[in-house]
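Chemist:
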Amino acid sequence: MTKNKKLIPQLRFPEFSENYVITTVSDVCDVYRGGIFSKADMNENGTEPCIHYGELFTKYNEVISVVYSKTDKSGTFRSKAGDVLMPSSDVTPDGLAKASAIMLDNVILGGDMNILRPKTNVDSVFLSYLLNHSKSEIIKLVSGTTVKHIYPSQIITCQLPFVENKAEQQKIASCLSSLDELIDVHIIKLNLLKDHKKGLMQNLFPQKGEKVPKYRFPKFKLDGEWREEKLENLAKRGSGHTPNKQISNYYNGKINWVSLADSNKLDNRYIYTTKIQISKEGIANSSAVLHPAGTVILSRDAGVGKSAVLYTEMAVSQHFIVWNCDESKLSNWFLYYIFQILKPIFESIAIGSTIKTIGLPYFKELSIQVPSVKEQQRIASCLSSLDELITAQTEKIQQLKQHKKGLMQGLFPKIID
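As numbered in my numbering, residues 717 to 1133 make up the sequence shown, in order.
#1: Just list the residues that DSSP pairs Trp1039 with in beta bridges.
#2: Please say whether Ala977 and Lys961 have beta carbons closer to each other than 8 Å?
#3: Under 6 Å Cβ to Cβ from Lys721, same chain only, skipping five residues before and after it: list those, please.
#4: Taking Ala1004 as the reference, which of Tyr1027, Asn972 and Val1020 has the closest Cα?
#5: Helix, strand or coil: which one does DSSP assign to Asp978?
#6: Would a C-beta distance cut-off of 8 Å place Gly826 and Cys766 closer than the cut-off?
#7: Nearest-angstrom Cα distance between Ser1023 and Gln1085?
#8: Please state whether DSSP places His1135 in a helix, a strand or coil.
#9: May I ask you to list the residues that DSSP assigns as paired with Asp667?
#10: Where does Cys766 fall in DSSP's three states?
#11: Less than 8 Å between the CB atoms is what I'm expecting for Gln885 and Glu853, so what's the real figure, rounded?
#12: Can you give me the C-alpha to C-alpha distance between Val694 and Arg985, rounded to a whole angstrom?
#13: Hey, could you find the ends of the alpha helix (DSSP H) Ser890 is sitting in?
#14: For Gln1109, collect the residues of the same chain with a Cβ closer than 7 Å to its Cβ; drop the 5 residues on either side in sequence, then sort them by chain order.
#15: Using only alpha-carbon positions, find the residue among Val858, Thr774, Ser1015 and Ser859 that is nearest to Ser955.
#16: At 3 residues or longer, and completely inside the region 1019–1094: list those beta strand (DSSP E) runs for me, N to C.
Right under this line is the structure:
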């Protein structure tokens, strides 16, 4: 271990002042490989708890206190409480810079996994957070082309900024663990809101073969059956186009243009802005048209079935279909939620090898069930209010994660080459 005056964290608990040192993983851990254990060996009725390396990406964060999988395979590598687990193979280097401290004994650990067993005077949860913070140092050691690897012989050379006072290690680990617990609570709340919305949508719209929903607002209980209508009779259908990409004047204008680059912005009610903007000249010299705010859009390929409502006037590419609703017949927000319900059907009927798509004839014949406009608006208002809660909860989680990121940057000093 080497001392370095530059290794001073920006944030520190006042009772500690000991210098940080530059150390290597080999100074603080012994490193092992997991046993011969594949996904095929996992069995939900098994008797032995186990972790497959792939679960480190999907199920676990910095601390593992509960194990979700079982196996009947025995005689392979088992955990000791306090081991720190890291995947040893992934398609991206970033995936290998992920650590989880397991707080349980005798869990079977799969192959493609590095197990870091801390030496005395090393808090494993502190080490887990430190390794996750030291992503850039770990990535330097990764090898491989298509599939990336990191082996014990490489990971033991990884440099870390380390404080030897175990009491300070534990204080840092406790601070970050408490924040993670708060994040987990908010994630649970978010999932409950999403489950509530899913159940509400199933009850507010008629199920297959039914003409009335299971749940109806009291004001509309005597309104009778919903009627089936062709969408073409309720809203004006439109489409879009891509201006010639070889003519620079057609782009970088002030008109938002929804393209496949915006697929990740769909299914979140409004689409506010787009990644690409086009110019008035681009509109004038192509088949693209401006659609008014409130227009409902649907992706017919590459993200097929995703939908949104335009927040402002926008154009769209040919990959989208749009509907401008006749407000006397159809609420645009009601149509948006209808599309959300129909999304699994859209995905199932799309055809194509490389890119799946839905042809225009399908939408020309598409029929939907609708109640009165007032009932449509009441249903849409209810679901919109719930979506606003979901959005607010999602933003709260992102803020907490950003706070955690800033806290880790402050609590751990950065190694300066």
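Yeah, the Cβ is synthetic: ideal placement off N, Cα and C, and Gly gets one too.
Modeler: Reading off the structure:
#1: The residue labelled residue 1039 in the question sits at position 323 within the sequence shown. Its beta-bridge partners are Arg953 and Val1012.
#2: Residue numbering aside, residue 961 sits at position 245 when the sequence shown is read from its first letter. Residue numbering aside, residue 977 sits at position 261 when the sequence shown is read from its first letter. Cβ atoms of Lys961 and Ala977: not closer than 8 Å.
#3: By one-based count along the sequence shown, residue 721 stands at place 5. In this prediction, Lys721 has a pLDDT of 48, which is less than 50 and means its spatial position is unreliable; what the coordinates show is noted afterwards. No residues qualify anywhere along the chain.
#4: Counted from its first residue, the sequence shown places residue 1004 at position 288. For the residues Tyr1027, Asn972 and Val1020, the minimum Cα distance to Ala1004 belongs to Asn972.
#5: Position 262 of the sequence shown, counting from 1, holds the residue named residue 978. Residue state, collapsed to three classes: helix.
#6: Residue mapping note: residue 826 aligns to position 110 of the sequence shown, counting from 1. Residue mapping note: residue 766 aligns to position 50 of the sequence shown, counting from 1. Closer than 8 Å, so yes.
#7: As a position in the sequence shown, residue 1023 is number 307, starting the count at 1. As a position in the sequence shown, residue 1085 is number 369, starting the count at 1. Looking at the two C-alpha atoms, the distance is approximately 18 Å.
#8: Because the chain is modelled from 717 through 1133, residue 1135 falls outside the range shown and cannot be assessed.
#9: With the chain covering 717 to 1133 only, the question about residue 667 has no answer from this structure.
#10: As a first step, residue 766 must be located in the sequence shown, where it is residue number 50. Strand, per DSSP.
#11: On the sequence shown, position 169 is the one that residue 885 refers to. On the sequence shown, position 137 is the one that residue 853 refers to. Not confirmed; about 18 Å, so no contact.
#12: Residue 694 cannot be examined here, being either before or after the span of the chain that is shown, 717 to 1133.
#13: On the sequence shown, residue 890 is found 174 positions in, with the first residue counted as 1. Counting along the chain, the alpha helix (DSSP H) containing Ser890 begins and ends at Lys882 to Leu920.
#14: Numbered from 1 along the sequence shown, position 393 holds the residue referred to as residue 1109. Once the five neighbours on either side are set aside, the close Cβ partners of Gln1109 are His902, Lys905, Leu906 and Leu909.
#15: By one-based count along the sequence shown, residue 955 stands at place 239. Minimum Cα distance to Ser955 is reached at Ser1015.
#16: 1023–1026, 1036–1041 and 1083–1086
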